[in-house]
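Peer 1: Residue numbers (the numbering used here): 16 to 649. For each residue, glycine too, the CB sits at the ideal point set by N, CA and C. Would you mind keeping the following structure in view while I ask a few things?
Below is the structure:
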């Protein structure tokens, strides 16, 4: 049983970049009787060097459990020197080390342990001013650059009468079919963000007319503040999305006061303007996803990609497999899935319910945002395989380890339950997300050597004329794609590896290029429709700078707001290659994102630069302008 007490002590760590070692020490704050153990999570896997004194009892991905080889008592105020540990990979930020910890007492109860930030090499500690520092923003960013605080900035905006007006609210006076629903949805969105700019008794009268000749998602907006009948705003839209976009522009602009005359002609550069959130590695309340949908609509983003399953948790409810929710969605001390990635001894997480997902779908449909559900197959399945052991080959000796240090985390072809599982999961996704034209099926990071020691998989492969990991992976991918098409009629999204193994083929749907900038162009040249999301520019889990204390990942380097703004996704592409660009997408993986405050810190303002590039095709005014406008619209 677990109980809540004052911390049992503090876990300290320091990283030596030259020796590539981490030194650990535990300072006890309470008396501990012999038989206690120390458990902690760390993105780096840490293996104690002194095995004569330290016993590594358990290690699964980021989870570690240690104990003294010779049971000892530990008095309050004393220190257990664990000493040097070998590391799985180089650290670049303090959050690469221990993130959470607790003591397991001799009676089985648990007591939390405070984790001090890992100390790092002096060469990795310099910091630089952050765009999150609003005082720094006020001092360094010109607030009078003349641009309205609109984000994304319209393609064409002309102020025809600069005379200030007091027009700060508007009402819908006359409209074509569909405009009133778009107005109501955006007005509600603005109210959720604290603005009553779009009201029934607003100062300016808005007329909204439909003209399909403008094209999909396009709109025109004319402001006349000098009319004898009072200020008026004329909106013409190419479709329902165009109305939404026009009304979002108004909702952002009105609080600061409209000029007496203005004209906007606007349409998006790309149809796919996306943001991705990993809700598997950390638990986020369903309302966090609703707010993300709002954030997307407020920035004229058109897609919200939800990464619902991974090794650390399975968040999708599937009625045929209740264990996926009961076992695969929770982790904690004594559970089949232990604490991971900063979670503690107490149970954490669950699957989302059908009602909660239905609310996401309703909110997204109202705001013209398309949800893209992702079920990651055939790898990244530790949580599912833990919940459903019948999907494993009990005689598998592959020991194929993923980059996140999970072993044999793949579906096994040749097991009867595997095909049934694929079909049932696809049916569940299609039912829960009825308005999503795409289902994303993952297809990334299958570990080298997967299935090499599985008698069932090897026999299946031989019967199908296959021998390599890539061939087996590609065959599973094709089965998934065919099942999605046959059972739901949806198009398929996948990460770039599905194209590399030739499991995905041009025409399936789209692929997301993430490991490098160049891979996106290579995929387009092969005929794949591509959503551009390179880690070096659009992965918002990357730290914003190289300072040791700055949170985030580092495998793709550091990515500041200026870096995001400077990246031109089409630079060097031929016209034929550009024809295969579906759009752009920001991705946020959540290994280090433990709450909504951290989530928003990682998203903004860098997401706003990506939203502007996806809409306008450029960054208007550079990083300073984006930072100013981002702060204004939040």
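Excluding five sequence neighbours on each side, which residues of the same chain lie with their C-beta closer than 6 Å to the C-beta of residue 171?
Peer 2: So the qualifying residues of the chain are 280.
Peer 1: Enumerate, from N- to C-terminal direction, the unbroken beta strand (DSSP E) stretches of 3 or more residues contained entirely within the segment 159 to 209.
Peer 2: Qualifying beta strand (DSSP E) stretches, in chain order: 171 to 179, 185 to 190.
Peer 1: Quick one: Cα of residue 635 to Cα of residue 291, how far?
Peer 2: Distance between the alpha carbons of residue 635 and residue 291 is about 24 Å.
Peer 1: Can you give me the C-alpha to C-alpha distance between residue 178 and residue 213, rounded to a whole angstrom?
Peer 2: Going by the C-alpha atoms only, they are around 22 Å apart.
Peer 1: Are three or more beta carbon pairs between the segment 121 to 139 and the segment 554 to 569 nearer than 8 Å?
Peer 2: As far as the Cβ criterion goes, the segment 121 to 139 touches the segment 554 to 569, which means the pair count is three or higher.
Peer 1: Could you give the residue range of the alpha helix (DSSP H) that holds residue 275?
Peer 2: Counting along the chain, residue 275 falls outside any alpha helix (DSSP H), though it belongs to the beta strand (DSSP E) covering 274 to 281.
Peer 1: For residue 599, which residues does DSSP report across the bridge?
Peer 2: Residue 599 is bridged to 288, 547.
Peer 1: Can you tell me the Cβ-Cβ gap for residue 596 and residue 285, rounded? I've got them flagged as a contact below 8 Å.
Peer 2: Their Cβ separation, rounded to whole angstroms, is 7 Å, which keeps residue 596 and residue 285 in contact under 8 Å.
Peer 1: Can you tell me whether residue 209 is buried or exposed, with buried defined as 16 or more other CB within 10 angstroms of its CB?
Peer 2: By the neighbour-count rule (16 or more Cβ atoms within 10 Å), residue 209 is not buried but exposed.
Peer 1: To the nearest whole angstrom, what separates the beta carbons of residue 316 and residue 626, a pair I think is in contact under 8 Å?
Peer 2: Residue 316 to residue 626, Cβ: 6 Å. Contact.
Peer 1: Beta carbon of residue 519, beta carbon of residue 506: below 7 Å?
Peer 2: Cβ atoms of residue 519 and residue 506: not closer than 7 Å.
Peer 1: From which residue to which residue does the alpha helix (DSSP H) around residue 438 run?
Peer 2: From DSSP, the alpha helix (DSSP H) with residue 438 extends over 431 to 447.
Peer 1: Using the rule of at least 16 other Cβ atoms within 10 Å of the residue's Cβ for burial, across every protein chain shown, is residue 373 buried or exposed?
Peer 2: Residue 373 comes out exposed.
Peer 1: For residue 511, count the other beta carbons within 10 Å of its own beta carbon; 16 or more makes it buried, fewer makes it exposed. Which is it?
Peer 2: Buried, by the Cβ-count rule.
Peer 1: So if DSSP puts residue 28 in a beta bridge, which residue, or which two residues, is it bridged to?
Peer 2: Answer is 39.
Peer 1: Run through the DSSP bridge pairs and tell me what residue 492 is partnered with.
Peer 2: Beta-bridge pairing links residue 492 to no other residue.
Peer 1: Which one or two residues does DSSP pair with residue 619 in a beta bridge?
Peer 2: Note: residue 619 sits in no beta bridge, so no partner.
Peer 1: Is it buried or exposed, residue 390, if we count other Cβ atoms within 10 angstroms and call 16 or more buried?
Peer 2: By the 10 Å Cβ count, residue 390 comes out buried.
Peer 1: Got a sec, what are the start and stop residues for the alpha helix (DSSP H) residue 457 sits in?
Peer 2: Premise fails: residue 457 lies in the beta strand (DSSP E), 453 to 457, not in any alpha helix (DSSP H).
Peer 1: Buried or exposed for residue 150, please, with buried defined as at least 16 other CB atoms from any protein chain shown within 10 angstroms of its CB.
Peer 2: At residue 150, the pLDDT of 48 sits below 50, so the modelled position is not reliable; the number obtained from the coordinates is stated separately. That one is exposed.
Peer 1: Quick check on this structure: which residue in 543, 570, 497 has the alpha carbon closest to the alpha carbon of residue 531?
Peer 2: Of the candidates 543, 570, 497, the one whose C-alpha sits nearest the C-alpha of residue 531 is 570.
Peer 1: Could you check whether the Cβ of residue 579 sits closer than 6 Å to any heavy atom belonging to the ligand ATP?
Peer 2: Ligands in the displayed structure: none, and consequently the ligand ATP is not present.
Peer 1: Which residue's Cα is closest to the Cα of residue 614: 400, 303, 276?
Peer 2: Ranking the options by Cα distance to residue 614, first place goes to 303.
Peer 1: Can you tell which of 130, 47, 75 has the C-alpha that lies nearest to the C-alpha of residue 91?
Peer 2: Closest option to residue 91, Cα to Cα, is 47.
Peer 1: To which residues does DSSP link residue 469 through a beta bridge?
Peer 2: Paired residues: none, contrary to the question.
Peer 1: Assign residue 233 to buried or exposed, taking buried as 16 or more other Cβ atoms, counted over all protein chains shown, within 10 Å of its Cβ.
Peer 2: Counting Cβ neighbours within 10 Å, residue 233 comes out buried, since at least 16 surround it.
Peer 1: Nearest to residue 314 by CA position, among 632, 537, 24, 168, is which residue?
Peer 2: The shortest Cα separation from residue 314 among 632, 537, 24, 168 belongs to 168.
Peer 1: Smallest Cα separation from residue 601: which of 24, 250, 548?
Peer 2: Nearest option by C-alpha distance: 548.
Peer 1: Would you kindly work out how many angstroms separate the C-alpha atoms of residue 203 and residue 497, rounded to a whole number?
Peer 2: Straight-line Cα distance between these residues: approximately 40 Å.
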